[in-house]
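Colleague: One structure follows; several queries about it will come next.
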Amino acid sequence: MSYLVPKFRHPELPVNDLGYTKADYEGSISTLCAGCGHDSISGAIVTACHELSIPPHKIAKLSGIGCSSKAPTYFLGNSHGFNSVHGRMPSVVTGAALANKDLLYLGVSGDGDTASIGMGQFAHVARRNVNMVYIIMNNGCYGLTKGQDSATADRGSASKKGDPNIYSAIDLCGTALQMGATFVARGFSGDKEQLVPLIKAAISHRGFALIDVISPCVTFNNNAASTKSYEFVRDHSEATGTIDFVPMHDEITTEYDPGSHHEVTMHDGSTIHLYKVEDSFDPFNRSSAISALEAHRTEGNILTGLIYLNKDSRDLHEVMETSQRPLNELDETDLCPGNRMLDNINASLR
Amino acid sequence: MKRIESVNDFVIKFANVNGTGSASANSLFAKAVFRMGVPVSPKNIFPSNIQGLPTWYEVRVNDQGYLGRRGGVDIALSVNPQSMAEDILDVEPGGYFIYDDTKPLDLRLYRNDIAIIGLPLTRICNEQYDDPRQQQLFKNVIYVGALAALIDMDFKVLTGLVEDQFKDKKKLVLPNIHALELGYQHAKMNLDCPIGIRLEASDRVGDKILLDGNTALGLGALYGGATVAAWYPITPSTSVVDAFEKYAKRVRIDPGTGSRNYAIVQGEDELAAIGMAIGASWNGARAFTATSGPGVSLMSEFLGLAYFAEIPTVLFNVQRAGPSTGMPTRTQQSDILSCAYASHGDTKQVLLFPSTPKECFDFGALSFDLAERLQTPVILMSDLDLGMNDNMSEPLYWDDERMFDRGKIMTAEELEGGAEFGRYRDVDGDAICYRTYPGTHPTRGSFFTRGTSRNEYAVYTEKGEEYEANMLRLLRKWDTINEHVPVPIVTDCGRDTDSAVLFFGTSEESSKEALDYLSQEGIHMNAMRIRAFPFSSDVQRFIERHERVFVIEQNRDAQLRTLLMAEFEFGPDILKSVLCFDGTPISARNIRKQIKKYLDGDNILPLHRKTAVVAAGEPL
Chain D
1 MSYLVPKFRH
11 PELPVNDLGY
21 TKADYEGSIS
31 TLCAGCGHDS
41 ISGAIVTACH
51 ELSIPPHKIA
61 KLSGIGCSSK
71 APTYFLGNSH
81 GFNSVHGRMP
91 SVVTGAALAN
101 KDLLYLGVSG
111 DGDTASIGMG
121 QFAHVARRNV
131 NMVYIIMNNG
141 CYGLTKGQDS
151 ATADRGSASK
161 KGDPNIYSAI
171 DLCGTALQMG
181 ATFVARGFSG
191 DKEQLVPLIK
201 AAISHRGFAL
211 IDVISPCVTF
221 NNNAASTKSY
231 EFVRDHSEAT
241 GTIDFVPMHD
251 EITTEYDPGS
261 HHEVTMHDGS
271 TIHLYKVEDS
281 FDPFNRSSAI
291 SALEAHRTEG
301 NILTGLIYLN
311 KDSRDLHEVM
321 ETSQRPLNEL
331 DETDLCPGNR
341 MLDNINASLR
Chain U
1 MKRIESVNDF
11 VIKFANVNGT
21 GSASANSLFA
31 KAVFRMGVPV
41 SPKNIFPSNI
51 QGLPTWYEVR
61 VNDQGYLGRR
71 GGVDIALSVN
81 PQSMAEDILD
91 VEPGGYFIYD
101 DTKPLDLRLY
111 RNDIAIIGLP
121 LTRICNEQYD
131 DPRQQQLFKN
141 VIYVGALAAL
151 IDMDFKVLTG
161 LVEDQFKDKK
171 KLVLPNIHAL
181 ELGYQHAKMN
191 LDCPIGIRLE
201 ASDRVGDKIL
211 LDGNTALGLG
221 ALYGGATVAA
231 WYPITPSTSV
241 VDAFEKYAKR
251 VRIDPGTGSR
261 NYAIVQGEDE
271 LAAIGMAIGA
281 SWNGARAFTA
291 TSGPGVSLMS
301 EFLGLAYFAE
311 IPTVLFNVQR
321 AGPSTGMPTR
331 TQQSDILSCA
341 YASHGDTKQV
351 LLFPSTPKEC
361 FDFGALSFDL
371 AERLQTPVIL
381 MSDLDLGMND
391 NMSEPLYWDD
401 ERMFDRGKIM
411 TAEELEGGAE
421 FGRYRDVDGD
431 AICYRTYPGT
441 HPTRGSFFTR
451 GTSRNEYAVY
461 TEKGEEYEAN
471 MLRLLRKWDT
481 INEHVPVPIV
491 TDCGRDTDSA
501 VLFFGTSEES
511 SKEALDYLSQ
521 EGIHMNAMRI
531 RAFPFSSDVQ
541 RFIERHERVF
551 VIEQNRDAQL
561 RTLLMAEFEF
571 GPDILKSVLC
581 FDGTPISARN
591 IRKQIKKYLD
601 GDNILPLHRK
611 TAVVAAGEPL
């Protein structure tokens, strides 16, 4: 099948390799609160997809319920979207991904949608290594129902409502690591320089790629006593390092100091260059990643950047040995064994 | 004492201990009867347990072809001391009780109105086999051999079956035949053979097959083109996906690459299972899930989404006795209401009611066409009795010319050609709208699927009139659906009558038999078997032309009757309930008895006055 790719060139907007401007990756006007971190993440997704020249219609964006899950309406307007059931986006993505292995699946969820009602599905989509990008817009509260604490709220952190949270927080990066996720990263909605390459790397990863993005809720959880406020996150985040993403077809022009960085070839042929802050940290080793998360948490800091990458990841389709042709393209000839086989079955049942 | 004497017409009940390998020996017996050309209907009555609790296997043998449960037991074959006291009481007067007399019968259990036949199974086994496992396994085969002598079965049919069964494990053939012979010879030499009940070769089976409904459903999904199966283990539906997988492994492996043209995922729960099925269907693959009542409860939220967002969804519900965990290994038809109106808000779900394995296969494959044509969930309502028992059935057939009906899909070419796309716009009046698969066209035809209210172009809206227009369209779609689902089947009794029966699914065989009994007593009634919800207008007309209609169903609350009253506004004066909900399949005798409670005598006489008396004076 071939499509007419629009040749429209806006005089000011740069176009990507497919001839699309960034505007072709945008969605409708956001109805989230002014200053919401989620809108910045939407912007980062638009930038990443545009710069990677992904055909917009070859992306499917799926979400659960909540402020975060409304966000997919506000980016990638030419992609099919699916705002499903609270906490159940992972299963819908799993089914969709089984049906057609050739699309890019972008799951968008929140901390309520993932860490509470959807914890079970989150754990299982990670362990099945479904080929998807799972972005959590994590603000530590339930915005759409007016600011109740979520399960990622830190103990002692208080939202605008005032009472400090009495329960321990779930670290979704740590959980994902335990569950067998093959790509784990954390970003901050206020740091696009870091977030855009993380999204690009997650897209080029084959398997389950989690990005937990701290995304302050300006209305209910951006106060002084909150550990998910813009100010607190800026003051307390420590990156594992920086990351450069080089798509497969781009020439590598930067000179890299061989001692300070890792070069990783991703499944689709792109390369990521990772500059580590600490020598002891090894993002290709799960226990090192878990220790790093734990060490930073103990100090009251938030570890951001690429936390873990399994370079040998085999996604659900690979382990299940499904057909190279997407299952949704198979027809009667491929699927229906015909009456002769039924005759044999009938004969064996007499 | 008058002993029961019959040829090719009896009920035998095997009483065993779960987990001792009795099931395969018992089904060997049933299949041998079938191979002798005699209609047979075996029912496995088993506990929710892997090993140790009592289990029964009841076989109805009937040359006239009555396949439902008759009620009563003519021969009890007792191999389980735990349940012996109740098993001996089950035997009809004049019947036969065969038991392991290695240990003598407790005299308190003795009945002098039945024949008591001792068969020293444990002693024979202990003499023959040293290995305790063999002693246990071959005990089952030995009693089948003894039974063959007692009821004069064709021994060669049994040995032939053993050879077929173990054709890939040849070294098991001789030991099994040896065990059959041990039992056969012992009975011949020590017992009066045959007893009053006998088997004779017959020709009443024709080209029929003996198959369980779940295997037929798995095959239906295979032929219906399912590529994604997502499920969570639950009795009695588990073997649906097992069967799908078994046959998919044979025929869905690409010969060139060895890769699979199917994907099966065991979900973390039923919510995930239906979520995956919905996600795959949304993305253009044919997908299904199989579950039972507790799973349906969990899936209800998703069923509302699929109804409202109009996503094809195929769900096979193999019903069991509820509520809650209920009796998980016993049968019922008790999810009618929870499925018909599954999910919160105003919903109506399409239900299909198969009554034979052939219909499980046909409706199973049809479910996918219906779900995609009608863009809505289709719930196939089987039950444990149909799903897990071998049922005699018409053979399966597939028309090789048949194409899948993928429903209204707008293609890239149509979009490119300028076709206007609105996901929830009814362009041709049948209230079903075009959909697009994700990835169809770079700039046209994308939309946002959501469970929230939206306008015709799938854009979020909270305008009351737009919401209402969409809900009314869904109601008009219900009328379109009615034109597509299987129609009810009417059996006219050929007489003037003002009474009728209405039934569905596994009540069919017993209902038909009960009608024969009643007609022999001068009570003639028309019959209708409902095969789908929405109910066709034929159902309404059928009810209207009778003074009273007995609705036969296997649940406590008369759920189908409630549904009929809700959809058609019939009153309790017309619809009378005939119910069975003890977890065993409804029997013909039970149906006859309940109907007789309402009617005594010949109903060709006018019954208006009697109806009034029943309605006014007697509890329902």
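Just so you know, the sequences run in chain order D and U.
For the first sequence, position 334 (counting from the first letter as 1) is numbered 334 according to this note's numbering, and the numbering increases by one without interruption.
For the second sequence, position 576 (counting from the first letter as 1) is numbered 576 according to this note's numbering, and the numbering increases by one without interruption.
Using N, Cα and C, we set each Cβ at its ideal position, and we do this for glycine too.
Taking the straight line between their C-alpha atoms, what separation do you get for Ser323(D) and Gly207(D)?
Modeller: Working through the first sequence from its first residue, we reach residue 323(D) at position 323. Working through the first sequence from its first residue, we reach residue 207(D) at position 207. Approximately 17 Å, taken between the alpha carbons.
Colleague: Are the C-beta of Ala169(D) and some C-beta of chain U separated by less than 7 Å?
Modeller: Indexing the first sequence from 1 puts residue 169(D) at position 169. Not an interface residue.
Colleague: So with CB distances below 7 Å, who are the chain D contacts of Asp87(U)?
Modeller: One-based indexing of the second sequence puts residue 87(U) at position 87. What Asp87(U) touches in chain D: nothing, since even the nearest Cβ is about 30 Å away.
Colleague: Counting only beta-carbon atoms, is Arg365(D) nearer than 7 Å to chain U?
Modeller: Nothing about residue 365(D) can be reported from this structure: the residues present for chain D run from 1 to 350 only.
Colleague: Can you tell me where the beta strand (DSSP E) holding Ile272(D) begins and where it ends?
Modeller: Taking the first residue of the first sequence as position 1, residue 272(D) is located at position 272. Run containing Ile272(D): 271-276, per the beta strand (DSSP E) assignment.
Colleague: Show which residues of chain D have a CB atom less than 8 Å away from the CB atom of Arg260(U).
Modeller: Along the second sequence, read from residue 1 onward, the residue named residue 260(U) stands at position 260. Per Cβ cutoff of 8 Å: Met320, Glu321, Thr322, Ser323.
Colleague: Under 8 Å, with one C-beta from each stretch per pair, do the region 63-79 of chain U and the region 329-348 of chain U reach the 3-pair mark?
Modeller: Output reads no: the region 329-348 of chain U does not touch the region 63-79 of chain U.
Colleague: Do we get a CB-CB distance below 7 Å when we pair Gly338(D) with the residues of chain U?
Modeller: By 1-based counting over the first sequence, the position of residue 338(D) is 338. Yes, because at least one Cβ of chain U sits closer than 7 Å to the Cβ of Gly338(D).
Colleague: With 16 other CB atoms within 10 Å as the buried threshold, where does His315(D) fall?
Modeller: One-based indexing of the first sequence puts residue 315(D) at position 315. Correcting the residue type first, residue 315(D) is Asp in the shown sequence and not His. Flag for Asp315(D) reads buried.
Colleague: Going by beta carbon distance, what residues of the same chain come within less than 6 Å of Leu4(D), once the five residues before and after it are set aside?
Modeller: Working through the first sequence from its first residue, we reach residue 4(D) at position 4. Annotation note: pLDDT 47 at Leu4(D) (below 50); position unreliable, coordinate value reported separately. Closer than 6 Å at Cβ, skipping near neighbours: no residue.
Colleague: Taking Cβ to Cβ, would you say Ala187(U) is nearer than 7 Å to Ala221(U)?
Modeller: As a position in the second sequence, residue 187(U) is number 187, starting the count at 1. As a position in the second sequence, residue 221(U) is number 221, starting the count at 1. Against a cut-off of 7 Å, the Cβ pair of Ala221(U) and Ala187(U) comes out as no contact.
Colleague: Check whether chain D comes within 7 Å of Gly284(U), counting only Cβ atoms and requiring the distance to be less than that.
Modeller: In the second sequence, the residue the question calls residue 284(U) occupies position 284. For Gly284(U), the answer is yes, since a Cβ of chain D falls inside 7 Å of its Cβ.
Colleague: According to DSSP, what are the bridge partners of Phe188(D)?
Modeller: Indexing the first sequence from 1 puts residue 188(D) at position 188. The partner list for Phe188(D) (beta bridge, DSSP) reads Ile214(D).
Colleague: Which residues in chain D sit within 7 Å of Arg423(U), going by Cβ to Cβ distance?
Modeller: The residue labelled residue 423(U) in the question sits at position 423 within the second sequence. Residues of chain D passing the Cβ test: none, with the nearest at roughly 10 Å.
Colleague: To the nearest angstrom, how far is it from the Cα of Ala514(U) to the Cα of Ala588(U)?
Modeller: As a working mapping, residue 514(U) is identified with position 514 in the second sequence. As a working mapping, residue 588(U) is identified with position 588 in the second sequence. Those two C-alpha atoms are separated by around 5 Å.
Colleague: According to DSSP, is Glu58(U) helix, strand or coil?
Modeller: On the second sequence, residue 58(U) is found 58 positions in, with the first residue counted as 1. Strand, per DSSP.
Colleague: How would you write the range of the beta strand (DSSP E) that Tyr129(U) sits in, first residue to last?
Modeller: Taking the first residue of the second sequence as position 1, residue 129(U) is located at position 129. Run containing Tyr129(U): none; DSSP gives neither H nor E here.
Colleague: Hey, quick one: how far does the alpha helix (DSSP H) through Asn80(U) stretch, first residue to last?
Modeller: Looking up residue 80(U) in the second sequence gives position 80. Note, Asn80(U): premise wrong, no alpha helix (DSSP H); not H, not E.
Colleague: Quick check for students: name the residue ranges of the beta strand (DSSP E) that lie wholly in the region 67-113 of chain U, counting only runs of 3 or more.
Modeller: As far as the region 67-113 of chain U is concerned, its whole beta strand (DSSP E) runs of at least 3 residues are 73-78, 91-99.
Colleague: Using a C-beta cutoff of 7 Å, does Ser2(D) count as contacting chain U?
Modeller: For the purposes of this step, residue 2(D) is taken as the residue at position 2 of the first sequence. Per-residue confidence for Ser2(D) stands at a pLDDT of 42, beneath the threshold of 50, marking its modelled position as unreliable; the derived number appears in the next sentence. It does not; no Cβ of chain U falls within 7 Å.
Colleague: For Leu330(D), decide whether its Cβ has a neighbour in chain U, counting only Cβ atoms nearer than 7 Å.
Modeller: Taking the first sequence and counting its residues from 1, one reaches residue 330(D) at position 330. Yes, Leu330(D) counts as interfacial toward chain U.
Colleague: Would Tyr262(U) be called buried (16 or more neighbouring beta carbons within 10 Å of its own) or exposed?
Modeller: Sequence index remark: in the second sequence, residue 262(U) carries index 262 (1-based). Buried, because 16 or more other Cβ atoms sit within 10 Å of the Cβ of Tyr262(U).
Colleague: Roughly how far, in whole angstroms, is the beta-carbon of Thr271(D) from the beta-carbon of Val264(D), given that I think they are within contact range, below 8 Å?
Modeller: The residue given as residue 271(D) occupies position 271 in the first sequence. The residue given as residue 264(D) occupies position 264 in the first sequence. Correct: roughly 7 Å between the Cβ atoms.
Colleague: So, helix, strand or coil for Glu294(D), using DSSP?
Modeller: The sequence position of residue 294(D) within the first sequence is 294, counting from 1. The answer is helix: DSSP assigns Glu294(D) an H, G or I state.
Colleague: Where do the N-terminal and C-terminal ends of the alpha helix (DSSP H) with Phe14(U) fall, by residue?
Modeller: Here residue 14(U) is taken as the residue at index 14 of the second sequence, counted from 1. No alpha helix (DSSP H) contains Phe14(U), which is instead part of the beta strand (DSSP E) from 9-17.
Colleague: Measuring CA to CA, which of Phe220(D), Leu177(D), Gly156(D) is closest to Tyr167(D)?
Modeller: Locating residue 167(D) in the first sequence gives position 167, where the first residue counts as 1. Taking only the C-alpha atoms, the option nearest Tyr167(D) is Gly156(D).
Colleague: Which residues in the same chain have their Cβ closer than 8 Å to the Cβ of Ala612(U), if we skip the five residues on either side of it in sequence?
Modeller: The residue given as residue 612(U) occupies position 612 in the second sequence. Note that Ala612(U) has pLDDT 39, beneath the 50 cutoff, so the model's placement of it is unreliable and the number below is only indicative. None.
Colleague: Given that a residue counts as buried once 16 or more other Cβ atoms are within 10 Å of its Cβ, and exposed if not, what is Ala201(D)?
Modeller: Mapped onto the first sequence, residue 201(D) falls at position 201. The residue in question, Ala201(D), is buried, as its Cβ has 16 or more Cβ neighbours within 10 Å.
Colleague: Output the distance between the C-alpha atoms of Ala15(U) and Asn49(U), rounded to the nearest integer angstrom.
Modeller: For the purposes of this step, residue 15(U) is taken as residue 15 along the second sequence, with counting starting at 1. For the purposes of this step, residue 49(U) is taken as residue 49 along the second sequence, with counting starting at 1. When rounded, the distance between both Cα atoms is 15 Å.
Colleague: At the level of alpha carbons, what is the spacing between Ile4(U) and Leu579(U)?
Modeller: Taking the first residue of the second sequence as position 1, residue 4(U) is located at position 4. Taking the first residue of the second sequence as position 1, residue 579(U) is located at position 579. For Ile4(U) and Leu579(U), the distance between alpha carbons rounds to 29 Å.
Colleague: Quick one: grab the DSSP three-state call for Phe208(D).
Modeller: As a first step, residue 208(D) must be located in the first sequence, where it is residue number 208. It is a strand residue.
Colleague: Would Leu620(U) be called buried (16 or more neighbouring beta carbons within 10 Å of its own) or exposed?
Modeller: Working through the second sequence from its first residue, we reach residue 620(U) at position 620. Since pLDDT at Leu620(U) reaches only 36, below the 50 mark, its modelled position is unreliable, and no value is offered.
Colleague: Quick one, which residues of the region 65-93 of chain D are near chain U if we go by CB-CB under 9 Å, in chain order?
Modeller: Those residues of the region 65-93 of chain D that come within reach of chain U (Cβ to Cβ, closer than 9 Å) are Ile65, Lys70, Pro72, Thr73, Leu76, Gly77, Asn78, Ser79, His80, Gly81, Phe82, Asn83, Ser84, Val85, His86, Gly87, Arg88, Met89, Pro90, Ser91, Val92, Val93.
Colleague: Below 7 Å CB to CB, which residues in the same chain sit around His80(D) once its five sequence neighbours on both sides are set aside?
Modeller: Along the first sequence, read from residue 1 onward, the residue named residue 80(D) stands at position 80. If we look at His80(D) and ignore the five residues flanking it on each side, its Cβ neighbours are Ala60.
Colleague: Can you say whether Met189(U) is buried or exposed, counting buried as having 16 or more other CB atoms within 10 angstroms of its CB?
Modeller: As a position in the second sequence, residue 189(U) is number 189, starting the count at 1. Met189(U) comes out exposed.
Colleague: By a C-beta neighbour count over all protein chains shown, 10 Å radius and 16 as the cutoff for buried, is Glu509(U) buried or exposed?
Modeller: Within the second sequence, the letter at position 509 stands for residue 509(U). Buried, since its Cβ has 16 or more Cβ neighbours within 10 Å.
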